[in-house]
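Notes follow the structure.
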Amino acid sequence: MKKKFIVLTVVIGILLTVAVSGTLAWIMAVSNPVENTFTVGDVQITLTETTGDQYKMIPGVTVDKDPTVTVKAGSDACWLFVKIEKSPNFDAYMSFLTEDGWNALAGEDGVYYRRVAATSWDMAYYVLRDNHVNVKDTLTEEQLKAVTLNPTLSFRAYAIQQTGFSTAELAWNELNG
Numbered sequence: 250m251k252k253k254f255i256v257l258t259v260v261i262g263i264l265l266t267v268a269v270s271g272t273l274a275w276i277m278a279v280s281n282p283v284e285n286t287f288t289v290g291d292v293q294i295t296l297t298e299t300t301g302d303q304y305k306m307i308p309g310v311t312v313d314k315d316p317t318v319t320v321k322a323g324s325d326a327c328w329l330f331v332k333i334e335k336s337p338n339f340d341a342y343m344s345f346l347t348e349d350g351w352n353a354l355a356g357e358d359g360v361y362y363r364r365v366a367a368t369s370w371d372m373a374y375y376v377l378r379d380n381h382v383n384v385k386d387t388l389t390e391e392q393l394k395a396v397t398l399n400p401t402l403s404f405r406a407y408a409i410q411q412t413g414f415s416t417a418e419l420a421w422n423e424l425n426g
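Here is the structure:
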């Protein structure tokens, strides 16, 4: 009889547990999935000039010269650089100024930079102020006839993402490292 009582108590306990469990409502929630897509970053630039590459040196004349760096549509925020290389005799005959917005990079002759935000359209940046080079007005005919090596001026543009580079110097070092 004791055994029957224990078995009956266990069975009743199981039945009560099943009955109570079946009537309990669990409060639950499930979120919608959050999907992350990772795309490849990109920085694209061009360097163009429409005024040609051969010029006459005439004292006091302003020579049109329009090197233009364009950051292409869809580019990420970047450090934009232009390196201007002058022949050793250039300063004896001519001069120029860089366009506003270009900053000289400390410790690097002829290297200028600017920060450019991410862009949805092409952004053009002129390199030379007023798009010209000035021939010195103090030059004489004799000095010009004595030129044995024509002065030259060349431009090269560089760009690198801003992310990961807190300064222009760090970005330039990465480009040239």
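Taking the numbering used here, the leading residue of the sequence shown gets 250, the next gets one more, and so forth. Note that beta-carbon positions come from the ideal geometry of N, C-alpha and C, so glycine has one too.
(1) For residue 408, I'd like the list of residues in its chain whose CB is within less than 6 Å of its CB, leaving aside the five on either flank, ordered along the chain.
(2) Keeping to the same chain, check which residues put their C-beta closer than 8 Å to that of residue 297; ignore five residues upstream and five downstream.
(3) Helix, strand or coil for residue 296? Go by DSSP, reduced to three states.
(4) What residue range is occupied by the uninterrupted beta strand (DSSP E) comprising residue 275?
(5) So, helix, strand or coil for residue 315, using DSSP?
(6) In this structure, how does DSSP classify residue 211 when only helix, strand and coil are distinguished?
(7) From the DSSP secondary-structure annotation, give me the bridge partner or partners of residue 357.
(8) Between the segment 333 to 352 and the segment 360 to 379, do at least 3 Cβ pairs fall closer than 8 Å?
(9) State the CB to CB distance for the pair residue 384 and residue 402, rounded to an integer number of angstroms; the pair is presumed to be in contact (CB under 8 Å).
(10) Note the first and the last residue of the continuous beta strand (DSSP E) segment covering residue 411.
(11) Going by the CB atoms, is the gap between residue 418 and residue 355 shorter than 9 Å?
(12) On the three-pair Cβ rule with 8 Å, is the segment 332 to 343 touching the segment 391 to 400?
A quick look at the data gives this:
(1) For residue 408, where only same-chain residues beyond five positions count, the Cβ hits under 6 Å are 292, 294, 327 and 329.
(2) Sequence-distant Cβ neighbours of residue 297 in its own chain, meaning closer than 8 Å and more than five residues away, are 316, 317 and 319.
(3) Under the three-state reduction of DSSP, residue 296 is assigned to strand.
(4) Unbroken run through residue 275: none, as it is neither H nor E.
(5) Assignment of residue 315 by DSSP, reduced to helix, strand and coil, places it in the coil class.
(6) An answer regarding residue 211 cannot be provided, because it is not within the stretch 250 to 426 covered by the chain.
(7) Answer is none; residue 357 lacks a bridge partner.
(8) Judged by Cβ distances under 8 Å, the segment 333 to 352 makes contact with the segment 360 to 379, as three or more pairs qualify.
(9) Rounded to the nearest angstrom, the Cβ distance from residue 384 to residue 402 is 12 Å, too far for a contact under 8 Å.
(10) Note, residue 411: premise wrong, no beta strand (DSSP E); not H, not E.
(11) In this structure, residue 418 lies closer than 9 Å to residue 355 by Cβ.
(12) Result yes; three or more Cβ-Cβ pairs closer than 8 Å.
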